[in-house]
Each structure stands twice: as C-alpha cells, then as structure tokens.
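Mapping to full-length UniProt numbering: the sequence shown position 336 is 336, numbers consecutive.
Data block below; observations after.
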Amino acid sequence: MSHPLARGDYQAAVPPFISDLQVSLPSETIALADDASQELARFDAEVGTIAAPFASILLRSESASSSEVENLTSSAKQLALAEIGQSKSGNAQLVVANVRAMKAAIAKSDQLNEASIIAMHDALLHESAPDFTGHWRDQQVWIGGGSISPHDAKFVPPHQSRVPELMSDLVSFAERTDIPVLIQAAIAHAQFETIHPFPDGNGRTGRALLQGMLRHGRLTQNVTVPVSAGLLHNIDDYFSALTEYRKGNPDAIVSSLADASFAAVQNGRQLVNDIQYAAARWDEEVQARRHSSVHLLKKYLLRQPVIDAQTVAHQLNVSVVTAGHAIDRLVDAGVLSQISAGRRNRLWQAPEILAALDAFGDRARRRRN
C-alpha cells in the first residue's frame, strides 16, 4: 500500500538566477560584514606568521565543525586515529573525508568553477557514496518530512533538470569582483544550499565552497579560519538565515556569517594559544637539535596527535627504529602516552593537543544565548 503523502503534485523551489544580482543590504549589515572581514584577515595574517603547522590544525578543526553541523560528531582522538587508518568510528572516517573536501576547496580556490565544485564533493563522498559523485544530481531531493516523498518536506530544492543552469549561474556570480568577498561568499553559499545540487553532502560541500571563496577572494591566504565553528555556536540562526534567503532576504545569511566569523576567530585564537603553550612546554622539557627526529616529531604531533611508529617513520623519512627512539624519548618526557595494550601495533597520543582540540569543539558547541 502506498503512503498517502506520496501521491499528487508537490512544489519544488524555483530559485532566481543571481549572476547579475544587484546586492542591496542595510548599511548596518554591510558595516558588520566589513568588520568581520577585517577580523578574518587579521587572524589569517597573525597565524600565518607562526612556525607551527596551524594551516593543517585549523583546516581539520573547520572540517570537524562543518561535519558537526550535520550531526556527524567525532572526538579529536578518534579523528586523529582515523587519519592514520586506526579508527573504527564511522563518523570519524566521514570527518576525514570532509578534511579532503576542504583541502580540495583550498587547492582549487584559484579556479572556482563547476568542475572544482564537483571535485570538492567527490573528495567528500567518493569512498562512502561513489554513485553520488562526479555529476550533479539526477533525482529530486528534499529537506525534512521523511524519506518517502517530498510532500511533507520543510523545503524542496529545484527539480534536477534546473540544476546545471543554476550551478552555471552560481559560478558566474562567484567570479564577480564587484561585491565584498564575505557578502559574496555568504550569498553564494546560501544559493548553493538552496539549489542542493547533489543527492547528499550538500551542507559540507557548501561550507567547503565558502572556504574556497574566502581564499579565492584573498580574504584568507594562509589558514582556513574555522567559520563553521562559529556557525555551530549559533546553529539555529544559521538555519533560519538559510530559510530567510529562500524567501528573498539575503541580509540574514550575511549577518549570520559575519557573526560566525567573529566567534570563529575568538575560538581559533584560544586554540592557537593552547597549542603554542603545549609546544613551548615540550621545548622546555625536551631539548633537541633543530633537524633531529625528536624535534621533527614534536612538530608533527601538533597536527597529528595520535601516532604509530610506521606513520612517524614515513612522515619523518627515517627508519622505524629511529622513529621508535624518538617516540620513547617523548614518552619519557611526558609528551606522549601509549594508548594501546602490549608491544605490537602500538599507538601513542599527545594528550595536551587532543585536550586543546576537544576544548575548541566544546566552545563551539556552547549555544549563544
């Protein structure tokens, strides 16, 4: 017996084209976006001068926060385990896939086009849902209301036949140079989420696109500012802003992204401080020559806080025996602790870095009152 809500016509959205959109916003929203843009650029410049590998650290933090917007949560430890193929957590593996999508967005930011957006999505889902990748969707999708039909959905994106032309139009909008970057990125992101060009992974791909546009517009040049952590801080406002955009009001999504940028920078600065503090303590506890395996391992742990000897040997281009000696020295100094039992297939963690990353996530989850 068919479900009663699966019968009859339904209304799918018909989004307007935006390639020639005359962006008109209240003066206070423009001022807010300008202040947020300056804050993003300032943070990017600050962190870009630090020797520690904050580009990798912040990119992973952004990827984890973007995934959490979709209720895909993972601890810093599980995510680090997944990075070296040692996690059994499905969520952690999906977050690692989102790291790949973010990397693709940054790598292709000089050439934002339809192919690069499809490549971002492919990096996200080619392992978990390969049939969905490599092309725009060829089926109707909807948001909310159950999986049977779109009749009771909260929002029904445009029919699949409209997607190619809408995405071509979106890329044309993204290539414009007459709109402030943060405002342009916010509107492009909201338009992308409205089109919903893929069967799955639209939210994460859309936020990767947002990061690509910030880099494309040179608002950020050194690091991935974890804007999704700011969106997570006020998630209801973000979703409401997307709904308002679909009603023809772009002001809300620009304000939401600007507010998220301030929150992201504040949280990101705390993360940077926490990791710098840990790195300084390690340098005091463990004196080592600049190019020694011990020194290089300390630096590697900042971006990969769970390790095994084989991974260290590969990353440092040393033998497994040399890697083991470096690990042992950091264990003796209290930098590393073993997290696996026995002497075979051993794993170690850097607790201070994992604690800093988890604290970053906890701050992002604190809902703004």
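Beta carbons: idealized from backbone N, C-alpha and C, even for Gly.
Query                                                                                                                                                                                        : Result
Assuming residue 62 and residue 261 form a contact by the criterion Cβ under 8 Å, report the distance between their Cβ atoms to the nearest whole angstrom.                                  : Wrong, their Cβ atoms sit about 12 Å apart, outside the cutoff.
Could you check if residue 87 is buried or exposed, using at least 16 other CB atoms within 10 Å of its CB as the buried criterion?                                                          : buried
Hey, out of 169, 323, 221, 182, whose CA is closest to residue 48's CA?                                                                                                                      : 221
I'd like the span of the alpha helix (DSSP H) that includes residue 41, first residue to last.                                                                                               : 27-48
Rounded to whole angstroms, what's the CA-CA distance from residue 166 to residue 235? Just pull it up for me.                                                                               : 26 Å
Quick one: residues in its chain with C-beta nearer than 6 Å to the C-beta of residue 191, no 5 flanking neighbours on either side, listed in chain order?                                   : 18, 170
To which residues of the same chain is residue 345 closer than 8 Å at the C-beta, ignoring the five residues directly before and after it?                                                   : 308
Closer than 7 Å by C-beta to residue 150: which residues in its own chain qualify, once you throw out the five before and the five after it? Chain order, please.                            : 10, 140, 142, 156
Which same chain residues, not among the five before or five after residue 340, have their C-beta less than 6 Å away from its C-beta?                                                        : 346, 347
Near residue 1, what residues of its chain come up, given a Cβ to Cβ distance below 7 Å and the 5 sequence neighbours on each side ignored?                                                  : With a pLDDT of 36 at residue 1, under the threshold of 50, the modelled position of this residue cannot be trusted, and the question is left open.
Less than 8 Å separating the beta-carbons of residue 350 and residue 335?                                                                                                                    : yes
Can you list, in chain order, the residues of its chain whose CB lies under 6 Å from that of residue 82, leaving out five sequence neighbours each side?                                     : 92, 93, 96
Kindly list the residues whose CB is nearer than 7 Å to the CB of residue 320, restricted to its own chain and excluding five residues on each side of it in sequence; keep chain order.     : 309, 310, 313
Which residues in the same chain have their Cβ closer than 6 Å to the Cβ of residue 114, if we skip the five residues on either side of it in sequence?                                      : 167, 171
Anyone know if the C-beta pair for residue 306 and residue 298 falls short of 8 Å?                                                                                                           : no
Give every residue of the same chain whose Cβ lies closer than 6 Å to the Cβ of residue 256, excluding the five residues on either side of it in the sequence, and list them in chain order. : 237, 238, 241
Using DSSP with H/G/I as helix, E/B as strand and the rest coil, what is residue 319?                                                                                                        : coil
What residues in its chain sit with their C-beta under 8 Å from that of residue 384, if we drop five residues either side in the sequence?                                                   : No answer is possible for residue 384: the residues shown for the chain start at 1 and end at 369.
Just to confirm my understanding: we take residue 210, look at its own chain, exclude 5 residues before and 5 after, and list those with CB closer than 6 Å. What are they?                  : 185, 189
In whole angstroms, what is the alpha-carbon distance linking residue 12 and residue 147?                                                                                                    : 16 Å
Should residue 267 go down as buried or exposed, given a rule of 16 or more other Cβ atoms within 10 Å for buried?                                                                           : buried
Considering residue 173, what are the terminal residues of the alpha helix (DSSP H) in which it resides?                                                                                     : 163-174
Pick from 281, 263, 326, 278: whose alpha carbon is nearest that of residue 291?                                                                                                             : 326
Given that a residue counts as buried once 16 or more other Cβ atoms are within 10 Å of its Cβ, and exposed if not, what is residue 108?                                                     : buried
By Cβ distance below 7 Å, which residues in the same chain neighbour residue 21 in space, the five residues on each side in sequence not counted?                                            : 173
Can you check the UniProt domain "Fido" (112-259) for any alpha helix (DSSP H) of at least 4 residues that lies completely inside it and give the ranges in chain order?                     : 114-125, 163-174, 181-195, 202-216, 227-233, 235-246
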